[in-house]
Amino acid sequence: MRRYSLLSCLLALTISACAQGGKSKDKVPGDMEVSNNVKTEKATFGGGCFWCTEAQFQYLDGVTKVESGYAGGTVANPTYEQVSSGTTGHAEVIQVTYDPAKITYEELLQAFWQSHDPTQLNRQGNDVGPQYRSVILYHNEEQHKLAELYKEKLQQSGAYDKPVVTEIAPMTAFYKAEDYHQNYYNENGSQPYCHFVIQPKLEKFKKVFKDKLKKN
471 MRRYSLLSCL LALTISACAQ GGKSKDKVPG DMEVSNNVKT EKATFGGGCF
521 WCTEAQFQYL DGVTKVESGY AGGTVANPTY EQVSSGTTGH AEVIQVTYDP
571 AKITYEELLQ AFWQSHDPTQ LNRQGNDVGP QYRSVILYHN EEQHKLAELY
621 KEKLQQSGAY DKPVVTEIAP MTAFYKAEDY HQNYYNENGS QPYCHFVIQP
671 KLEKFKKVFK DKLKKN
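Residue numbering for the sequence shown follows the numbering used here, starting at 471 and increasing by one per position.
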């Protein structure tokens, strides 16, 4: 998998997508929030273990909050143990609150596809099961169109040797994970999983997105 050429490909796709014009106004309730005169929106992604993706997205300038949780399943208020069984249909996801004046949904899609391997079906590395699937849960039709467009163009680009298996589905219910899952890497950086799995991914991510990271 060619990571740096992948970023170049995604940047090119951003220009192409923007050139196609028009933003949809069809938004679902709860997709937009206003706090302290700052309009924020939400995006939801699943890219394997949410500890990894949470740690990466927290560094992006314009991202105001990242919450780990469960979505895409059929059981209300699932526990981590239930989701880990692989029987509830949920994926481990992060829900990202962001300021679109500082970072666009297109840029978040770039970060999403850079943060994991979207050619692995129902797994990421040694984490195996449908709860670790690659998934984009769109909050409105604009996000839907952009996700489908980028996935198609990414597949056609040859950035990966295997098919991109990312699921694209409407956002329904998001269930915030237990408190001990939140801000996991920052709270548990000395744990072996953080040191050997999350940290290498985070360092690669920060190198690729060095111009889009928070200053402090």
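Cβ coordinates follow ideal geometry from the N, Cα and C atoms, glycine included. This structure is a prediction, so every number in the text was calculated from the model and none was measured.
The beta carbon of V635 sits closer than 7 Å to the beta carbons of P588, T589, L591 and S604 from its chain, once the five residues preceding and following it are set aside; these are given in chain order. Looking at the DSSP output, G516 bridges to V605. With contacts defined as CB atoms closer than 8 Å, Q652 and S538 qualify as a contacting pair.
Residues K512, T514, E537, G539 and F644 of the same chain have their beta carbon placed closer than 7 Å to that of Q565, with the five preceding and five following residues left out of the count.
CA-CA distance, Q625 to P633, rounds to 7 Å. In the three-state reduction of the DSSP assignment, Y645 falls in the strand class, which pools E and B. Nearest to G532 by alpha-carbon distance, out of W521, K509 and P548, is K509. For K677, the closest alpha carbon among the candidates T534, D569 and S585 is that of S585.
With respect to T558, P570 sits apart: the two C-beta atoms are not nearer than 8 Å. Here T523 is buried. Its C-beta has 16 or more other C-beta atoms within 10 Å. For Y620, the enclosing alpha helix (DSSP H) begins and ends at E611 to S627. Non-local C-beta neighbours of Y529 in its own chain, meaning closer than 7 Å and more than five positions away in sequence, comprise K676, L683 and K684, ordered along the chain. When the Cα atoms are used, E618 and Y630 turn out to be separated by approximately 17 Å. Each of E611, Y608, I638 and E612 was checked against the Cα of K621, and the nearest Cα belongs to I638. Residue pairing by DSSP places G539 opposite V563 and K646 in a beta bridge. Around the beta-carbon of G516, 16 or more other beta-carbon atoms lie within 10 Å, marking it buried. Under the DSSP definition of a beta bridge, Y568 partners with E511 and V533. Q594 sits in a strand when the DSSP states are folded into three classes. For the options K674, Y568 and Y575, the alpha carbon positioned closest to that of E611 is the one of Y575. Taking C-beta separations shorter than 8 Å and ignoring five residues to either side along the sequence, the partners of K572 in its chain run D531 and G532, following chain order. A straight-line Cα-Cα distance of about 31 Å links W583 and N507.
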